[in-house]
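Pasting the structure below:
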């Protein structure tokens with residue numbers, strides 16, 4: 004009984020879909036002819052209106068007299084608001100002859116005691132030490148303190 008009911012429902016739905024499809028087809032074909040006539044007339048009237056407007060502004064433009072001045076149309080000035088480049092800062096690079104744990108410890112403690120802003124970059128075997136100071140007397144004091152720990156150093160100026 005369940006199969007018969009299901010079959011009846013499916014058959015009823017197919018009939019409804021078929022009937023609605025036929026009505027939609029007839030509806031679409033009947034209105035197409037009348038709508039196409041209305042559309043062409045409205046399109047033609049809009050086209051005529053735009054042609055009249057085009058000819059009217061063209062006539063107005065043609066009737067204008069010659070001006071005594073000429074606008075500088077081909078000159079354009081563009082100004083970009085860019086930040087000014089900051090001048091290059093000078094830092095010092097410290098070269099040390101030893102790169103062992105004891106030397107690095109003594110170096111960092113000496114630089115911390117001197118209140119110097121520094122950066123240590125380790126490249127495997129070598130280390131690059133950059134000092135952010137402009138005081139040459141302070142640099143000489145750091146070099147002398149490091150000589151007490153048997154660390155030979157040299158300083159070169161670096162532009163950042």
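In my numbering, the protein residues as written are 4 to 163. Note that the Cβ used here is the ideal one computed from N, Cα and C, for glycine as well. All of these numbers come straight from a predicted model, not from anything done at the bench.
So if DSSP puts residue i in a beta bridge, which residue, or which two residues, is it bridged to?
i           : result
residue 94  : 161
residue 156 : 99
residue 129 : 126
Let's see if you can read the secondary structure: which residues bound the alpha helix (DSSP H) around residue i?
i           : result
residue 137 : Residue 137 -> no alpha helix (DSSP H), and no H or E assigned at all.
residue 115 : 104-116
In the DSSP assignment, the beta strand (DSSP E) including residue i goes from what residue to what residue?
i           : result
residue 121 : 120-126
Where residue i and residue j are concerned, what is the direct C-alpha to C-alpha distance, given to the nearest angstrom?
i           : j           : result
residue 24  : residue 15  : 14 angstroms
residue 116 : residue 107 : 14 angstroms
residue 135 : residue 154 : 20 angstroms
residue 105 : residue 90  : 37 angstroms
residue 103 : residue 127 : 12 angstroms
residue 63  : residue 27  : 52 angstroms
residue 96  : residue 160 : 6 angstroms
residue 151 : residue 110 : 11 angstroms
residue 17  : residue 32  : 23 angstroms
Using the Cβ count rule (16 or more neighbours within 10 Å means buried), how would you classify residue i?
i           : result
residue 163 : exposed
residue 113 : buried
residue 168 : In the structure displayed, the chain extends from 4 to 163; residue 168 sits before or after that span and is not available.
residue 10  : exposed
residue 83  : exposed
residue 149 : buried
residue 145 : buried
residue 121 : buried
residue 132 : buried
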